[in-house]
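Inspection log for the structure reproduced underneath, given as structure tokens.
Protein chains: 2
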Amino acid sequence: MQATAEQRGKGRIRLANEADILHAAERVFARAGYAGATMADIAACAGIPKSNLHYYFGTKRDIYRAVLTHILALWLAPADSIREDNDPRTALAGYIDAKMALTASHPDASRVFACEVLHGAAEIGDILRTDLRLLVERKAAVIERWIAEGRMAPVDPRHLFFTIWAATQTYADFETQVCAVLDLPALESADISRAAAHVKTLLLRGCGLA
Amino acid sequence: MQATAEQRGKGRIRLANEADILHAAERVFARAGYAGATMADIAACAGIPKSNLHYYFGTKRDIYRAVLTHILALWLAPADSIREDNDPRTALAGYIDAKMALTASHPDASRVFACEVLHGAAEIGDILRTDLRLLVERKAAVIERWIAEGRMAPVDPRHLFFTIWAATQTYADFETQVCAVLDLPALESADISRAAAHVKTLLLRGCGLA
DNA sequence: GTCTATATCAGGATAGAC
DNA sequence: GTCTATCCTGATATAGAC
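Protein chains in written order, with my numbering: chain P, 1477 to 1686; chain R, 1477 to 1686.
Here it is in structure tokens:
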């Protein structure tokens, strides 16, 4: 007797099709960017007739925004491990692990996000300036207290976030470059594990948490 | 009596126009990506009639490749400071400074490169697998010797490059995000200096070079 | 409520003028 | 050798059929 989405006015077919379309769109946008992606590509990838995309979502931009909304929810979650009552080493290691796991499990989401920000974040700039900024401010305050208490080396906490994001997401966003240098056809989970270990070793030691 | 480009068959007008087009193209590709950039945008930005782009370069793709070629030359140069006869701290600090300076002086170049790699490096994949890979192998060997001699902490040298590239280029590629978090309208040179100091502090300490 | 045929438009490329 | 008018493909979006 739960209030299912269907009861709120969305049919089973619509729900399934919307999910398929969003999933396909993430793949296509990740590979070609917003402008490079075509409705035909997305439709083919989703196994749905081209013009149905407009029926379900209206415009290409609407699909793109829906994909980004989904990604942002994923992206803001992992910072939970950075809490005052955790010790700095556990907290930061947990955060890096969570970001690496996300990067490994959702590389296309990472790429869509990266491409959006790279081109000026026209769609999500507001969210970056509000939700993301607020999140970082709160977590930076925690890190600043740890530093004041002498529990880790003095590091600019906001820039620390930039470095952690960059160092982890590079394995999704620039996978091509990583594979070229390492002479690998693609990154396997063992490679990601090695990368995570490297990032933790380097950055934790950098924070005086070795 | 020097062998000028003009004497090799390129007129003054052509040289000036080609330079203007490449400069404009870098801006436009950085903002919109390959697919999102239009010949009309590039022409407007260069102050040249649209169809002249085809006269000077043939196709849009030819312009893109010319831009990428120029960027790659810039990108591979800074690794020179990593030499056996330098001490590790100076060498790595110099490399990070050089990468940050490049990022600050050529943010659009960084973005075009990032976007190309993000989407699979169809145009420059070969160069990444040859020139870049070779460069990293040579420099990684130097770093491995420093580690073997106990002159720095054990760090995977290839992954160290990934982290340095990511940590520095994020200030160009994801400037929008950095500005959103720091509540700045744009990154000034003072902000870049702070960022460079942060990256050096964090990564050098991470390499046991504090 | 779901799917298809069609209109409209923008953008890259070419043929030809100066 | 340099520049301009024009073509034509291909992509989004809509109107209408089932």
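For glycine and all other residues, C-beta sits at the position ideal for the given N, C-alpha and C.
None of these values were measured; they are calculated from a predicted model.
Sorting P:I1558, P:L1610, P:Q1645, P:H1582 by C-alpha distance to the C-alpha of Y1571 (chain P) places P:I1558 at the top.
Boundaries of the alpha helix (DSSP H) harbouring I1539 (chain R): 1536 to 1552, taken from the DSSP string.
The shortest CA-to-CA distance from E1502 (chain R) to any of R:T1606, R:A1513, R:S1527 is the one to R:A1513. If you draw a 10 Å sphere on the C-beta of R1587 (chain R), you find 16 or more other C-beta atoms in it, and that means buried. Here the alpha carbon of A1577 (chain P) sits roughly 27 Å from the alpha carbon of G1684 (chain R). Contact between T1644 (chain R) and K1575 (chain R) holds: CB atoms are separated by about 4 Å, below the 8 Å threshold.
In the structure shown, the three-state DSSP call for D1632 (chain P) is coil. Close to chain R, meaning a Cβ-Cβ distance shorter than 9 Å, are the following residues of the region 1489 to 1521 of chain P: A1506, R1507, A1508, G1509, Y1510, A1511, G1512, A1513.
The alpha carbon of L1604 (chain P) has as its nearest neighbour, out of R:K1536, R:L1610, R:V1657, R:A1673, the alpha carbon of R:V1657. From the listed residues P:E1560, P:A1520, P:G1487, P:I1489, the smallest Cα separation to E1625 (chain P) is found for P:E1560.
Within the model, the alpha-carbon separation for A1686 (chain P) versus L1552 (chain P) is close to 27 Å.
Contact holds between the region 1632 to 1648 of chain R and the region 1612 to 1624 of chain R, because three or more Cβ pairs, one in each stretch, are under 8 Å apart.
F1638 (chain P) belongs to the set of residues whose beta carbon lies under 8 Å from a beta carbon in chain R. Contact with chain P is found for A1656 (chain R), since one of that chain's Cβ atoms lies less than 8 Å from the residue's Cβ. For a Cβ distance threshold of 7 Å, residue set H1635 of chain P lies close to A1671 (chain R), ordered along the chain.
L1660 (chain P) has its alpha-carbon roughly 32 Å from the corresponding atom of A1671 (chain R). Residues of the region 1589 to 1602 of chain R that bring their beta carbon within less than 8 Å of a beta carbon in chain P comprise A1590, C1591, V1593, L1594, H1595, G1596, A1597, G1601, in sequence order. Inter-segment contact for the region 1486 to 1502 of chain P and the region 1491 to 1500 of chain R is absent: fewer than three beta-carbon pairs are separated by less than 8 Å. One thing to note: G1682 (chain P) has its Cβ no nearer than 8 Å to the Cβ of R1488 (chain R). Proximity of chain P to V1631 (chain R) at the Cβ level (cut-off 8 Å) is accounted for by H1674, T1677, L1678, in chain order. D1659 (chain P) has a beta carbon lying within less than 8 Å of a beta carbon in chain R.
When 7 Å is used as the limit between beta carbons, F1533 (chain P) is near no residue of chain R, the shortest such separation being about 20 Å. Under the Cβ criterion of 8 Å, A1542 (chain P) is not counted among the residues facing chain R.
With respect to chain R, the C-beta atom of V1612 (chain P) has a partner C-beta closer than 8 Å.
When the Cα atoms are used, C1655 (chain R) and T1606 (chain P) turn out to be separated by approximately 12 Å. In the structure shown, the three-state DSSP call for D1561 (chain P) is coil. Neighbours of R1587 (chain R) in chain P, taken as residues whose beta carbon is under 7 Å from its own, are L1594 in chain order.
Chain R has a Cβ within less than 8 Å of the Cβ of R1605 (chain P). Each residue's CA atom was taken as its position, placing A1580 (chain R) and L1529 (chain P) some 41 Å apart.
Within chain P, the residues placing a beta-carbon under 7 Å from that of A1642 (chain R) are A1642, A1643, T1646, ordered along the chain. For the 8 Å CB-CB criterion, R1541 (chain R) and E1620 (chain R) do not form a contact. Taking E1592 (chain R) as the centre and dropping the five residues before and after it, the same chain places the C-beta of L1544, E1599, I1600 closer than 7 Å to its C-beta, in chain order. Among the CB atoms of chain R, none fall inside 8 Å of the CB of T1579 (chain P). A distance below 8 Å separates the beta carbons of A1590 (chain P) and D1649 (chain P).
The beta carbon of T1652 (chain R) falls within 8 Å of a beta carbon belonging to chain P, placing the residue at that interface.
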